[in-house]
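K.L.:
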Amino acid sequence: MKNILKKILEIFGFKLLRMKERNKHTTFGIINHLLNIITKSGKYSHLTIFDIGGNVGEFSKELETHLIKEKNEYKFFIFEPNPNLIKEIKQKKIKNSNIFNYGIGDKKEEKLFKIHDHHEKSSFLNIDKNYFKNEKKYNIYDFKCKIETLDSFSNENKIDHINFLKIDTQGYNAKVLEGAKNLIKNNAIDFIYTEITIGPKYELNETFFDFEKILNENYDLYGIDVGQYYLEVISRRSMDQLNLDLFYVNKKMIQ
8 MKNILKKILE IFGFKLLRMK ERNKHTTFGI INHLLNIITK SGKYSHLTIF DIGGNVGEFS
68 KELETHLIKE KNEYKFFIFE PNPNLIKEIK QKKIKNSNIF NYGIGDKKEE KLFKIHDHHE
128 KSSFLNIDKN YFKNEKKYNI YDFKCKIETL DSFSNENKID HINFLKIDTQ GYNAKVLEGA
188 KNLIKNNAID FIYTEITIGP KYELNETFFD FEKILNENYD LYGIDVGQYY LEVISRRSMD
248 QLNLDLFYVN KKMIQ
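For the sequence shown, the working numbering assigns the number 8 to the initial residue and increments by one for each residue that follows.
(1) Is it buried or exposed for L74, if we count other Cβ within 10 angstroms and need 16 for buried?
(2) Whole-angstrom Cβ separation of N164 and D197, contact assumed at under 8 Å?
(3) Check for me: the alpha helix (DSSP H) holding K118 runs from which residue to which?
(4) If D227 and V256 are in contact, beta carbons under 8 Å, what's the gap, nearest whole angstrom?
(5) Please identify the residue among L12, H53, E127 and E117 whose C-alpha is closest to the C-alpha of I166.
(6) If you check the beta carbons only, do D124 and Y145 fall under 7 Å apart?
(7) Counting pairs of Cβ atoms below 8 Å between the segment 151–163 and the segment 43–52, do you hit three or more?
(8) Where do the ends of the beta strand (DSSP E) carrying T204 lie?
(9) Do the CB positions of Y118 and F131 come within less than 7 Å of each other?
(10) Which whole-angstrom value describes the C-beta separation of E210 and D113, a residue pair presumed to lie in contact below a C-beta threshold of 8 Å?
(11) Taking the beta strand (DSSP E) that L251 belongs to, which residues open and close that run?
(12) Along the chain, where does the alpha helix (DSSP H) that runs through S104 open and close?
(13) Which first and last residues belong to the beta strand (DSSP E) in which F57 is found?
(14) Spatial neighbours of Y51 within its chain, please: C-beta separation below 8 Å, excluding the five flanking residues on both sides.
(15) E71: buried (16+ other C-beta within 10 angstroms of its C-beta) or exposed?
(16) Does the beta-carbon of G20 have 16 or more other beta-carbons within 10 angstroms, so that it is buried, or is it exposed?
(17) Starting from the Cα of D247, find the closest Cα among K14, N225, N212 and Y81 and give me that residue.
(18) What did DSSP end up calling D158 once you bin it into helix, strand or coil?
(19) Within 10 Å of its beta-carbon, does Q177 have 16 or more other beta-carbons around it, so buried, or fewer, so exposed?
(20) By Cβ distance, which residues of its chain are closer than 7 Å to N103, with the 5 residues on each side in sequence left out?
(21) If I measure Cβ to Cβ from I191 and keep anything under 8 Å in the same chain, skipping five residues before and after, which residues do I get?
(22) Using 8 Å for Cβ pairs, my map puts S308 next to F120. What's the rounded Cβ distance?
(23) Applying the criterion that 16 or more other CB atoms from any shown protein chain within 10 Å of the CB defines a buried residue, is S67 buried or exposed?
(24) Going by beta carbon distance, what residues of the same chain come within less than 8 Å of R243, once the five residues before and after it are set aside?
(25) Rounded to whole angstroms, how far is the Cβ of I35 from the Cβ of E69, which I believe are closer than 8 Å?
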């Protein structure tokens with residue numbers, strides 16, 4: 008009966024998936040699994056979590072629900088350059104959170120931040136010159152913003168270890184890692200969850216090499232989150248731009 012149903016669905020362009028098996032490997036399922044490994048090690052009195060590109064705080068809030076459930080102590084450091092979103096982050100009432108209204112990158116500087124009407128697309132990068140050929144045009148505003156590096160921030164705030172680093176900075180992700188080379192070299196970050204933006208969306212096109220050249224020595228690529236792309240093969244044939252999320256885990260953590 009199941010095979011007949013599958014064939015009928017395939018005629019209409021649908022596919023039957025066993026979602027129960029897939030749910031075991033959701034984004035937060037993997038994050039929670041890795042955080043549990045850290046807490047069970049007993050090395051840390053609390054978990055130090057960095058959210059780079061905090062947006063409206065929904066990611067950190069979701070993560071906090073797990074930490075509370077597991078009765079873990081934690082401290083959040085949330086960075087969001089868009090001043091219009093800081094109020095929304097604060098409204099999430101994430102306990103033990105420090106919120107910073109500036110960006111993180113590869114060097115300390117001031118830079119124009121491009122605030123999009125679709126705020127989740129805001130970036131320190133200009134969009135690709137051909138981007139609006141396939142997208143409905145909307146407004147983008149410039150905002151002068153401070154940028155710190157993770158290395159300098161950690162030194163100035165006496166943070167010697169980060170348990171979980173999340174990066175979602177719309178094409179600026181590898182730049183964030185470049186500014187954390189000392190932390191990475193010293194194995195001071197347990198695991199990293201970062202977006203990679205592939206394709207003509209911003210003026211710089213990220214590649215896996217941009218991440219591997221920084222992380223390969225001390226980190227293993229642990230997994231890839233393909234989001235809501237229900238395709239057997241995720242490729243540029245099906246879409247011009249690919250937004251994937253990568254899990255990198257410190258090699259010493261998973262020995």
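By construction, the Cβ of each residue, glycine as well, lies at the ideal position given by its N, Cα and C atoms.
P.N.:
For this structure:
(1) buried
(2) The pair is not a contact, with the Cβ atoms about 18 Å apart (cut-off 8 Å).
(3) Segment E116 to H123 is the beta strand (DSSP E) holding K118; no alpha helix (DSSP H) there.
(4) 6 Å
(5) H53
(6) yes
(7) Not touching, per the Cβ criterion.
(8) I196 to I205
(9) Strictly speaking, residue 118 in this sequence is Lys, with Tyr absent from that position. Yes, the Cβ-Cβ distance between K118 and F131 is below 7 Å.
(10) Incorrect: roughly 15 Å between the Cβ atoms, too far for contact.
(11) L249 to N257
(12) Here S104 belongs to no alpha helix (DSSP H); instead the beta strand (DSSP E) covers S104 to F107.
(13) L54 to I59
(14) Around Y51: I45, H168 and N170.
(15) The residue in question, E71, is buried, as its Cβ has 16 or more Cβ neighbours within 10 Å.
(16) Exposed is the call here.
(17) Comparing alpha carbon positions, the residue from K14, N225, N212 and Y81 closest to D247 is N212.
(18) helix
(19) By the C-beta density criterion, Q177 is buried, having at least 16 other C-beta atoms within 10 angstroms.
(20) Scanning its chain for C-beta atoms nearer than 7 Å, with the 5 sequence neighbours on each side dropped, one finds around N103 the residues Y81, K82 and F83, in chain order.
(21) L184, I221, L222, N225 and Y226
(22) Here the chain covers residues 8 to 262 and nothing more, so residue 308 does not appear.
(23) buried
(24) I205, G206 and L249
(25) The residue you asked about is not Ile; residue 35 is Phe in the sequence shown. That pair is a contact at about 6 Å.
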